[in-house]
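K.L.:
Residues 124 to 593 in this note's numbering are what the sequence shown lists, from first letter to last. Beta carbons are placed, not taken as given, at the ideal position from N, Cα and C, and that holds for glycine. It should be emphasised that the depicted structure is a prediction, and the values quoted were computed from it without experimental measurement. Here you go, one structure.
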Amino acid sequence: MTLRGLVRFVARVVAVGLLTVAVPATATAHGVHGHVHVTGWAIDALASGEVRTLLSDPEMRGAALMGAAFPDSGYAATDAALEDQARAYGEHAHWEPFIEDFIQRVRATYGPTYDTREERLIVAFLMGCAAHGLQDELFDSTFLYEVEERDGAGQAEADPGTDGFLVQDGYFWMVPSDYVPIDDLLPLFVGLSEDVDAEVIRHSVGNLGIYVNDVIGPSIAEANGEMYRPVIPWAAAHYLDAGVAGSLRAEIVPTALYLEAIWQRLHGRFDDSEVVIHAWPDAPRRLRTAEATSVASWVTLVLGKAVQNGSATGTFVDDAAVPHPFTLAYTRWGGEGTSRIVRFQPDADLVPGAWYTAALAAGATLVDGSVTTGMHSHRFQVDCSDEMTCPPLGMLPEPAIDPPPPPPPPADAGGVDSGTLDAGGDASPDAGAALDATSGCGCGTAGEPAGGLGFVGVVLALLVRRRRTG
């Protein structure tokens, strides 16, 4: 058995116990491993240009992935004296008012070129935070509703379940760095309902490190996958289905486009007339059902800058310009009064095979108080069984999500770290080794271990430490 195998075995044995004893509660929306991976996949899907160049640097990528995990650290506090403060910053970090303030602080402090290493690190971290919030809105406001419709389950099952499926299905391989720009974050939390200081952030980020790593974390997630796969079978079958709005794979393209929008906002170049950056169904895909009672009949526009809830107006018409009744909806949880999505929910059944246009009118007020000046129209077809009207679409391009091939074994296979613990061991690394272990979330050293780990927790902590420094 390899050292890695031993670590994974011990971690797996205690994973179920960790779920209830040592792992802090996580935030709403899909799991942290999902956030890290969707953000990483989005970076890989970026078009050539400034943002791809920035995030192609492994150090910047690691900072972006840490940003993608950071908002949920606010739900990881285990010290009762810090829980309210941590939750306050974690909740705020999910929404666009925080992102807009973060953008303006970075522009004022580090702009306009972002040439130095430190400037680029904080920009990458900001982008990761923004990606996290967008993904939560996408997942909760579309996919989660469909989980409720089809599996009769909700957040308690879908959040940990999708993280677990990611590991079970062989797609886990990314871990963030430990970069957290606390000094730049603290001013953004002034004025919240609770006072937030560096101790709160260090404690919470450290606790998040119990789960966000490539040894114990995957084992905990895998146990969740085993638990929830039979409970939410539709979600397990479709969480990586690019044709299902809000699935992890469907989030990749809008996340990449949102990263580009954040970059434009950092440079004061964002065009409010083109606030819509993506739409579901995304052409050439069709709307999946004509039945208005189903979540699959919703049309969703994704925005590069949030609108203020209640400020948007729109139309929903067929190809003869006949209006169709609909409800205009925003993000599921309120978003501190803002939303990065606008949903057109039909109030009556659509016609299978027919074409419709959902349009967001000019005049919506954005998070920064500016008002949109252009209208965005999204024309789409409703699916049907008639191959003359709805011919098969064939294979559609989808963002790549496969982990990279494992690195070749070192030339010198001797020793515990590079070889086996017994003659029959397998020295090949698993997917968790795709990134250098030293780039894994070292934030566990910045906080305190969660209560209840006991001796096993100490052993696991030492093993993780060994993995990071070996």
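Starting from V399, follow the beta strand (DSSP E) in both directions and report where the run begins and ends.
P.N.:
Unbroken beta strand (DSSP E) run through V399: V399 to W403.
K.L.:
If I measure Cβ to Cβ from M189 and keep anything under 6 Å in the same chain, skipping five residues before and after, which residues do I get?
P.N.:
Cβ neighbours of M189 beyond the five flanking positions: P299, S300 and Y302.
K.L.:
Compute the beta-carbon to beta-carbon distance between A487 and T495, rounded to the nearest angstrom, for a pair I have assumed lies under 8 Å.
P.N.:
Correct: roughly 5 Å between the Cβ atoms.
K.L.:
Note the first and the last residue of the continuous beta strand (DSSP E) segment covering V96.
P.N.:
Any answer about residue 96 is impossible in this case: the structure gives the chain only from 124 up to 593.
K.L.:
According to DSSP, what are the bridge partners of A368?
P.N.:
Beta-bridge pairing links A368 to no other residue.
K.L.:
Compute the beta-carbon to beta-carbon distance between G251 and A191, rounded to the nearest angstrom, for a pair I have assumed lies under 8 Å.
P.N.:
So it is a contact: roughly 4 Å between Cβ atoms.
K.L.:
Helix or strand or just coil, what does DSSP make of L424?
P.N.:
The answer is strand: DSSP assigns L424 an E or B state.
K.L.:
Between the segment 349 to 368 and the segment 263 to 277, do three or more beta carbon pairs fall short of 8 Å?
P.N.:
Touching, per the Cβ criterion.
K.L.:
Flag this pair as yes or no: are the beta carbons of P377 and L261 separated by less than 9 Å?
P.N.:
Against a cut-off of 9 Å, the Cβ pair of L261 and P377 comes out as a contact.
K.L.:
Residues in its own chain within less than 7 Å of Y351 by CB, not counting five upstream and five downstream?
P.N.:
Excluding residues within five positions, the ones whose Cβ falls inside 7 Å are E280, P283, G284 and G287.
K.L.:
Terminal residues of the continuous alpha helix (DSSP H) containing S244?
P.N.:
Note that residue 244 is Leu in the sequence shown, not Ser. First-last of the alpha helix (DSSP H) with L244: R240 to L261.
K.L.:
Going by DSSP, what residue range makes up the alpha helix (DSSP H) through F288?
P.N.:
Element bounds for F288: Q278 to Q291.
K.L.:
How many whole angstroms separate the CB atoms of D202 and H326, which I take to be in contact at a CB cut-off of 8 Å?
P.N.:
That belief holds up - the Cβ atoms of D202 and H326 are roughly 6 Å apart, short of 8 Å.
K.L.:
Could you spell out the range, first to last residue, of the alpha helix (DSSP H) harbouring F312?
P.N.:
Element bounds for F312: n/a, residue is neither H nor E.
K.L.:
DSSP on G340, reduced to helix/strand/coil?
P.N.:
Correct three-state label for G340: helix.
K.L.:
Which whole-angstrom value describes the C-beta separation of D180 and I245, a residue pair presumed to lie in contact below a C-beta threshold of 8 Å?
P.N.:
Contact doesn't hold; Cβ gap of about 14 Å is too wide.
K.L.:
How about S417: is its C-beta nearer than 9 Å to some C-beta of chain D?
P.N.:
Judged by its chain identifiers, the structure shown contains no chain D, having just a single protein chain.
K.L.:
Hey, could you find the ends of the beta strand (DSSP E) I355 is sitting in?
P.N.:
Run containing I355: none; DSSP gives neither H nor E here.
K.L.:
Exposed or buried, which one is D545 when buried takes at least 16 other CB atoms within 10 Å?
P.N.:
Legend: pLDDT at D545 = 34, less than 50; position of this residue unreliable, value from coordinates given subsequently. Result: exposed.
K.L.:
Decide if the segment 470 to 485 is in contact with the segment 421 to 439; the criterion is three or more beta carbon pairs, one per stretch, under 8 Å apart.
P.N.:
Cβ pair count under 8 Å is three or more, so yes.
K.L.:
Helix, strand or coil: how does DSSP classify S493 here?
P.N.:
Three-state DSSP puts S493 in coil, outside helix and strand.
K.L.:
Relative to the alpha-carbon of L331, which residue among A373, F193, L315 and Q431 has its alpha-carbon at the smallest distance?
P.N.:
Among A373, F193, L315 and Q431, the Cα nearest to that of L331 belongs to F193.
K.L.:
In the DSSP output, what is H501 paired with across the bridge?
P.N.:
Beta-bridge pairing links H501 to A481.
K.L.:
Which same chain residues end up closer than 6 Å to V422 when comparing Cβ atoms and leaving out the 5 residues on each side of it in sequence?
P.N.:
Only F467 and A481 meet the Cβ criterion.
K.L.:
Using a Cβ-Cβ cutoff of less than 7 Å, which residues in the same chain neighbour R595 once the five nearest sequence positions on both sides are dropped?
P.N.:
The shown model of the chain, from 124 to 593, leaves out residue 595, and the question about it has no answer.
K.L.:
Let me know the secondary structure DSSP gives L380 once reduced to three states.
P.N.:
Correct three-state label for L380: helix.
K.L.:
Taking the C-alpha atoms as reference points, what is the distance between H255 and L169?
P.N.:
For H255 and L169, the distance between alpha carbons rounds to 17 Å.
K.L.:
Nearest CA to the CA of A477: which residue from V490, A444, G497 and T461?
P.N.:
Comparing Cα positions, the closest option is A444.
K.L.:
Tell me the rounded alpha-carbon separation between H160 and C507.
P.N.:
The straight-line gap from Cα to Cα measures roughly 34 Å.
K.L.:
Tell me, please, which residues DSSP counts as bridged to F439.
P.N.:
According to DSSP, which records beta bridges pairwise, F439 is partnered with A481.
K.L.:
Output needed for T162: all residues of its chain with C-beta closer than 7 Å, excluding positions within five of it in sequence on either side, in chain order.
P.N.:
Result list for T162: A187, L188, A191, G251, A254 and T378, in chain order.
K.L.:
Kindly indicate which three-state DSSP category A452 falls into: helix, strand or coil?
P.N.:
A452: strand per DSSP, three-state reduction.
K.L.:
Just how far apart, CA to CA, sit S493 and F393?
P.N.:
Roughly 12 Å separates the two Cα atoms.
K.L.:
Please confirm whether L257 and G157 have their CB atoms less than 9 Å apart.
P.N.:
Contact flag unset, no.
K.L.:
Let me know if V229 comes out buried or exposed under the rule of 16 or more other beta-carbons within 10 Å of its beta-carbon.
P.N.:
The residue in question, V229, is buried, as its Cβ has 16 or more Cβ neighbours within 10 Å.
K.L.:
Which same chain residues end up closer than 6 Å to A402 when comparing Cβ atoms and leaving out the 5 residues on each side of it in sequence?
P.N.:
Within the same chain, A402 has close Cβ partners L424 and H501.
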